[in-house]
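Below is one structure, written out as structure tokens; comments come after it.
Residue numbers (the numbering used here): 4 to 405.
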């Protein structure tokens, strides 16, 4: 009967003002403590059901509101009788052994648990598919891919270039076929820690039980065997180093940090060959800066040339270009030269336009003129500027009115 039930807040050990997070934390702690798989006390199962029922109500906003106002009678009038406590637990914790790479053990017999299926999918079976397991450990110990950085100049990144690179790769030793051991009898024995699988199960106790993960055997380093006599050719390294050379083209407009992938130019581990990942490093330019497809540069201009207008020469990534300055061009004014930015090499519908070159006009210092040039400038200084004359007349008028 409802009157014999304990208060839900009391069951979870929380106040009636508890937040949703506080309710979850309380449920997590108690559910793990009284789960029948962990707690063998006679009343553990009944307490576990009680805890789950309390959580089912208090974690639901509408049910909690009804319970707070009308108690158990209010819930009964709505037909509430409590769900399956194990369904609630599994929904909260994601199911037993339901994670992709971890398993929570609560004690007892675990034969036939989902743990075997999980690692069977990842590592090729319950220690039966040793070839696949060992291949995975080899990939962990020796990365079949090669990663390198390659520097080019700013102009090379804009214009494109042809390059050559030499690098070293690892190739499986042909003498021992990558085992690292001599071919003589008795050179190896099966590892007694992993029993030849190359993998071991590691256990770690957590507040939720024992977490189990699978990793490379620390004794044989994933080989599944202990080497007593090393290969004479590779000295037990399992591979030999070889030098490779590759010539390649870098397309115009490549970005700093962009990676080029060369298929089949990586390390060779038995039957598998990796790739070469070449990350391009673009050196900074003292003349140009880049933002997406737009290139920025500055040009020093004589102030008199800017005032009267005329032609000036501008350095672009594609050579010198002459442009026209309009009379009265201001200091730090920007002029755009269309199509002289990043050249588009893509033929897609939205990639047909080339970028632009933005030129920032910078006035040269006026105190660098020669004495003869200053004499000529003084003649120009006698020319009356209409705007200056208008200014002085305006000031005089304002002063008369004061």
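Think of the CB as a built atom: it goes at the ideal place given N, C-alpha and C, for glycine as much as any other residue.
Quick check: the Cα distance between residue 181 and residue 163, rounded to an integer number of angstroms? Counting from one through the chain shown, the residue named residue 181 turns up at place 178. Counting from one through the chain shown, the residue named residue 163 turns up at place 160. The alpha-carbon atoms of residue 181 and residue 163 are separated by roughly 41 Å.
Three or more C-beta pairs closer than 8 Å, one from the segment 227-236 and one from the segment 146-159: is that the case here? These segments do not touch.
Using alpha carbons as the reference points, say which of 243, 301, 396 lies closest to residue 178. Counting from 1 along the chain shown, the entry for residue 178 is found at position 175. Ranking 243, 301, 396 by Cα distance to residue 178 puts 243 first.
I'd like to check one pair, residue 47 with residue 15: are the Cβ atoms closer than 7 Å? As a first step, residue 15 is located in the chain shown; it is residue number 12 there, counting from the start. As a first step, residue 47 is located in the chain shown; it is residue number 44 there, counting from the start. Going by C-beta atoms, residue 15 is not nearer than 7 Å to residue 47.
Same chain only: Cβ atoms within 8 Å of residue 11, ignoring 5 sequence neighbours per side: Your numbering for residue 11 matches position 8 in the chain shown. Its chain contains 56, 57, 60, 61, 70 as the residues whose beta carbon lies nearer than 8 Å to that of residue 11, once the 5 sequence neighbours on both sides are disregarded; these appear in chain order.
Please name the residue, chosen from 52, 13, 23, 160, that lies closest to residue 321 on a Cα-to-Cα basis. Numbered from 1 along the chain shown, position 318 holds the residue referred to as residue 321. Residue 160 is the option with its Cα nearest to residue 321.
May I ask you to verify whether the segment 264-272 touches the segment 238-255, counting CB pairs closer than 8 Å and requiring at least 3? Cβ pair count under 8 Å is three or more, so yes.
Are residue 344 and residue 296 touching if we call contact CB-CB under 7 Å? Taking the chain shown and counting its residues from 1, the one referred to as residue 344 is at position 341. Taking the chain shown and counting its residues from 1, the one referred to as residue 296 is at position 293. Taking a C-beta distance under 7 Å as the contact criterion, residue 344 and residue 296 qualify as a contact pair.
Can you look up residue 351 in the DSSP assignment and give me helix, strand or coil? Position 348 of the chain shown, counted from the start, is the residue given in the question as residue 351. With a pLDDT of only 46 at residue 351, under the threshold of 50, the placement of this residue in the model should not be trusted, and no figure is reported.
If you draw a straight line from the C-alpha of residue 24 to the C-alpha of residue 65, how long is it? Translated into positions along the chain shown, residue 24 becomes position 21. Translated into positions along the chain shown, residue 65 becomes position 62. Approximately 17 Å between the Cα atoms of the pair.
Residue 37 burial status per 10 Å Cβ neighbour count (16 or more: buried): As a position in the chain shown, residue 37 is number 34, starting the count at 1. It is buried - the Cβ of residue 37 has at least 16 other Cβ atoms within 10 Å.
Beta-carbon separation of residue 174 and residue 271 under 7 Å? Working through the chain shown from its first residue, we reach residue 174 at position 171. Working through the chain shown from its first residue, we reach residue 271 at position 268. Contact check for residue 174 against residue 271 passes: the beta carbons are separated by less than 7 Å.
Answer yes or no: do residue 194 and residue 229 have a C-beta to C-beta separation smaller than 7 Å? In the chain shown, the residue the question calls residue 194 occupies position 191. In the chain shown, the residue the question calls residue 229 occupies position 226. In contact: residue 194 and residue 229 (Cβ atoms closer than 7 Å).
Do the segment 360-376 and the segment 300-316 make contact, defined as three or more Cβ pairs closer than 8 Å? These segments touch.
Using only CA atoms, which one of 68, 67, 33, 63 lies nearest to residue 52? For this step, residue 52 is matched to residue 49 along the chain shown. Nearest neighbour of residue 52 by Cα position, chosen from 68, 67, 33, 63, turns out to be 33.
Where residue 226 sits in the DSSP three-state scheme: Numbered from 1 along the chain shown, position 223 holds the residue referred to as residue 226. Of the three classes helix, strand and coil, the one that applies to residue 226 here is coil, per DSSP.
Rounded to the nearest angstrom, how far is the Cβ of residue 347 from that of residue 341, given a contact under 8 Å? The sequence position of residue 347 within the chain shown is 344, counting from 1. The sequence position of residue 341 within the chain shown is 338, counting from 1. That pair is no contact at about 13 Å.
Starting from the Cα of residue 286, find the closest Cα among 273, 332, 154 and give me that residue. Position 283 of the chain shown, counted from the first residue, corresponds to residue 286. Here the closest residue by C-alpha is 154.
Quick one: what's got a C-beta closer than 7 Å to residue 220's C-beta in the same chain, skipping five residues either side? Within the chain shown, the letter at position 217 stands for residue 220. Around residue 220: 194, 196, 197, 201, 202, 203.
Residues near residue 324 by beta carbon distance below 6 Å, same chain, minus five either side: The sequence position of residue 324 within the chain shown is 321, counting from 1. Result list for residue 324: 317, in chain order.
According to DSSP, is residue 67 part of a helix, a strand, or is it coil? Counting from 1 along the chain shown, the entry for residue 67 is found at position 64. In the three-state reduction of the DSSP assignment, residue 67 falls in the helix class, which pools H, G and I.
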